[in-house]
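Below: one structure, written as structure tokens.
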Amino acid sequence: MRKKRRKADLVLRFFQGSKKYFLVAVLASLVTTGLNSLTPQIFRFTVDSVLGGDKYKYLSEHLWIMALMLVGVALFSGAALFLSRAYTAKAGENFAKNMRDALFSHVQRLPMEWHDRHQTGDIIQRCTSDVEVIRNFVVTQLLEVFRTVFLVTVSFAMMFSMNVKLSVIVLCFVPLVALYSTIFYRLIAGRFTTADEAEGELSTVVQENATGVRVVRAFGREKFEMERFYEKNNAFAELWIKLGTLSGLYWGIGDLITGLQVVAVIVLGAAEAVHGNISVGEFIAFASYNTTLVWPIRGLGRILSDMSKAGVSFERVDYIIRAEEEEYQDKKEYKNQEEPQSYDIAFSHVNYGYKDGKEVLSDVSFSIPQGSTLGILGGTGSGKSTIMQLLNRLYELEKGQGDITLGGKNIREIPLEWIRKNVGMVLQEPFLYSRTIKENIAASVPEATFEEIRQAAKVACIDEAIMNFPDGYETLVGERGVTLSGGQRQRIAIARMLLQKAPVMIFDDSLSAVDSQTDSKIRKALLENRRDATVILISHRVTTLMSADKIMVLNQGRIEEMGTHQELIKQQGIYRKIYDIQMSQDDRMQMEV
Numbered sequence: 001m002r003k004k005r006r007k008a009d010l011v012l013r014f015f016q017g018s019k020k021y022f023l024v025a026v027l028a029s030l031v032t033t034g035l036n037s038l039t040p041q042i043f044r045f046t047v048d049s050v051l052g053g054d055k056y057k058y059l060s061e062h063l064w065i066m067a068l069m070l071v072g073v074a075l076f077s078g079a080a081l082f083l084s085r086a087y088t089a090k091a092g093e094n095f096a097k098n099m100r101d102a103l104f105s106h107v108q109r110l111p112m113e114w115h116d117r118h119q120t121g122d123i124i125q126r127c128t129s130d131v132e133v134i135r136n137f138v139v140t141q142l143l144e145v146f147r148t149v150f151l152v153t154v155s156f157a158m159m160f161s162m163n164v165k166l167s168v169i170v171l172c173f174v175p176l177v178a179l180y181s182t183i184f185y186r187l188i189a190g191r192f193t194t195a196d197e198a199e200g201e202l203s204t205v206v207q208e209n210a211t212g213v214r215v216v217r218a219f220g221r222e223k224f225e226m227e228r229f230y231e232k233n234n235a236f237a238e239l240w241i242k243l244g245t246l247s248g249l250y251w252g253i254g255d256l257i258t259g260l261q262v263v264a265v266i267v268l269g270a271a272e273a274v275h276g277n278i279s280v281g282e283f284i285a286f287a288s289y290n291t292t293l294v295w296p297i298r299g300l301g302r303i304l305s306d307m308s309k310a311g312v313s314f315e316r317v318d319y320i321i322r323a324e325e326e327e328y329q330d331k332k333e334y335k336n337q338e339e340p341q342s343y344d345i346a347f348s349h350v351n352y353g354y355k356d357g358k359e360v361l362s363d364v365s366f367s368i369p370q371g372s373t374l375g376i377l378g379g380t381g382s383g384k385s386t387i388m389q390l391l392n393r394l395y396e397l398e399k400g401q402g403d404i405t406l407g408g409k410n411i412r413e414i415p416l417e418w419i420r421k422n423v424g425m426v427l428q429e430p431f432l433y434s435r436t437i438k439e440n441i442a443a444s445v446p447e448a449t450f451e452e453i454r455q456a457a458k459v460a461c462i463d464e465a466i467m468n469f470p471d472g473y474e475t476l477v478g479e480r481g482v483t484l485s486g487g488q489r490q491r492i493a494i495a496r497m498l499l500q501k502a503p504v505m506i507f508d509d510s511l512s513a514v515d516s517q518t519d520s521k522i523r524k525a526l527l528e529n530r531r532d533a534t535v536i537l538i539s540h541r542v543t544t545l546m547s548a549d550k551i552m553v554l555n556q557g558r559i560e561e562m563g564t565h566q567e568l569i570k571q572q573g574i575y576r577k578i579y580d581i582q583m584s585q586d587d588r589m590q591m592e593v
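Take the UniProt record's numbering: the last position of the sequence shown gets the number 593, and nothing is skipped along the way.
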């Protein structure tokens, strides 16, 4: 009962702005149905006027009246049908648009932990295919329900007015078809859930393959990917073959039941006509109404089948909508609260582990005064990136996991929108949109002028490379920046963050794809243009961190060493070992050159 109420609430929520269109569509459909229900009566009186002698003498002499009535019914019915279809389309697309808008907006605000647990292909399917299934049922099939109820009511009223005995016989078939359709609905409902999940898995395989096509080609994994796709595709096809078989069984048995209904009306109706209980015209009209009833009643199975699919899609869409958002919606609570007056950063006894794995940070405590630079060095899995993601609140600390403060205020007490605006990040794997270079840089500040965009690019040492492209800043970079080198992508991402002019800047190994000389040039330009920003440099390259005010060495989630470059060199610890290894490698490379 609660699920049904939830579905009804969702329909009403997304029907905002579409109710008037749907109402016009329903009324126009009922007018069409009502007018079409007059046609058998016109034929009835036409036949009886020809065969009925003096009783219908006037009509038999003026058959043009019947012809005119048929033309009038056809014209008005066609006009009403046009209105019904046009407004059904308006109502349906408005409904689907509202649902897609709500889903997309909601997905934007879901926490990273939610995205980590869900496949991209499945999310895409829920926001597109499932929405279309719901739209089809709520608008098209719901309209069909209204039309069918009205048609059945009018048809039985006409039939009972002509012959009660035959009408009762026809009426006996209705619960039989309804019961049969209900059993079919219950049998097939669960299979649609399985089929939708299989479609989501198939979409994920296609999406991953299309996104990583260069990796597939580079490692010659085409055969593996094809086999992976064939496996998912075969499973998906088998599910729909089974559904098709069940559907065929339904329609086959349905044909038998409705065939018996038609035969019963023809045989018994002919007998009634022979005995003079009904006229020939009434018999023809009755048979026509009976035939008209067959398809709407049989269509109950299709409606129930679509209801089953829509029910599954509703649950899949509702699963996303019920997912708890990040705290953007709490912004009003902080409206009168003062923002941090400084940008000192402090981690105090932070312990953190992702929900699907072991602890990543263990009792991490450090501070960064405003305007200073902290370098973080550590191996893979040491927790470097986790520190950045916690500071930017991509992931949230729970109570008892320690505290992170910015300007003396716990970041949990600072609006999330303010944090994202003032803590700029360059991710280890920069993401570029399939747009122009200019649009990619301006993604952080869409209203930025071209001069501001170009200045950010100059600081990131990418302006010269951009100007060498034929289209300059209007160059399209392809999906995920595929037409650019790794170093160019990183520098465009740096320019994007610099344009933000955030007072806290984090570079997560964002110079790993550039050579040492370019690395040095970028760091020099950053120092000259940093203003009073607090900077965190995360890198595996010692030369990138040497100029930092303090360097922190992480090992398996713990702080092993902390100090300046000179202090750490003297300690003969992890930092010194890494420094010696990297310096010897650089010397060897220079000698070879």
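Here a beta-carbon is modelled for each residue, glycine too, at the ideal position from N, C-alpha and C.
If the five residues before and after leucine 545 are omitted, its C-beta is found closer than 7 Å to the C-beta atoms of Gly375, Leu377, Leu537, Ser539, Ile551, all from its own chain and listed in chain order.
Per the C-alpha coordinates, the member of Asp549, Lys501, Leu81, Thr436 positioned closest to phenylalanine 469 is Thr436. For glycine 353, there is no enclosing alpha helix (DSSP H); the residue is part of the beta strand (DSSP E) that begins and ends at 345-353. Here serine 485 is exposed: its Cβ has fewer than 16 other Cβ atoms, across all protein chains shown, within 10 Å.
In this model, threonine 153 and phenylalanine 184 are separated by some 25 Å (Cα to Cα). Within the same chain, Leu10, Ala102, Leu103, His106 come within 8 Å of isoleucine 321 by CB-CB distance, once the 5 residues on both sides are set aside.
By alpha-carbon distance to isoleucine 522, the top candidate from Ala502, Gln490, Gln572 is Gln490. When the alpha-carbon of lysine 384 is set against those of Ala460, Glu272, Asp509, the nearest one is in Asp509. With contacts defined as CB atoms closer than 8 Å, serine 84 and threonine 39 fail to qualify as a contacting pair. A check of alpha carbon separations from phenylalanine 507 across Leu476, Glu398, Leu391 identifies Leu391 as the nearest. Look at the region 524-571 and you find these whole runs of beta strand (DSSP E), each 3 residues long or longer: 534-538, 550-555, 558-563.
DSSP places aspartate 363 inside the beta strand (DSSP E), whose first and last residues are 359-368. In the DSSP assignment, threonine 33 falls within the alpha helix (DSSP H) that extends over 19-36.
Going by C-alpha positions, phenylalanine 156 is about 7 Å away from serine 167.
Setting aside the 5 residues that flank it on each side, phenylalanine 229 is surrounded in the same chain by Val205, each with a C-beta closer than 6 Å to its C-beta; the list follows chain order. Glycine 375 is bridged by DSSP to Leu537, Ile551. For the pair glutamine 16 and glutamate 93, the Cα-to-Cα distance works out to about 12 Å. Taking a contact as a CB-CB distance under 8 Å, the pair valine 265 and asparagine 290 counts as one, their CB atoms being some 5 Å apart. The way I'd put it, the region 238-251 doesn't touch the region 131-151; fewer than three beta-carbon pairs between them come closer than 8 Å. Residue nearest to leucine 432 within the set Glu272, Gln370, Ile441 is Ile441 (criterion: CA-CA distance). A contact between stretches requires three or more CB pairs, one per stretch, nearer than 8 Å, and the region 337-348 meets this requirement with the region 390-410. Within 10 angstroms of the beta-carbon of methionine 467 lie fewer than 16 other beta-carbons, which makes it exposed. Along the length of the region 84-128, whole alpha helix (DSSP H) runs at least 4 residues long occupy 112-117, 120-127, reported in chain order. Comparing alpha-carbon positions, the option among Glu396, Ile462, Ser434, Leu499 lying closest to glutamate 447 turns out to be Leu499. It is roughly 17 Å from the alpha-carbon of alanine 178 to the alpha-carbon of glycine 248. With contacts defined as CB atoms closer than 8 Å, glutamate 315 and asparagine 163 fail to qualify as a contacting pair. Counting other Cβ atoms within 10 Å of its Cβ, glutamine 261 reaches 16 or more and is therefore classed as buried. Valine 426 carries a strand assignment under DSSP once its states are collapsed to helix, strand and coil. Between isoleucine 492 and alanine 310, the CB-CB gap reaches or exceeds 8 Å.
The C-beta distance from glycine 269 to phenylalanine 286 rounds to 6 Å, short enough to meet the 8 Å contact threshold. Within the same chain, Ile466 come within 7 Å of glycine 472 by CB-CB distance, once the 5 residues on both sides are set aside. Secondary structure at phenylalanine 507: strand, using DSSP grouped into helix, strand and coil.
In the structure shown, aspartate 515 falls within a coil segment according to DSSP collapsed to helix, strand and coil. Only buried fits glutamate 199, as 16 or more other CB atoms lie within 10 angstroms of its CB. Residue state for threonine 194 is assigned as helix, using DSSP reduced to three classes. In this structure, the beta-carbon distance from glutamate 560 to isoleucine 574 falls below 8 Å.
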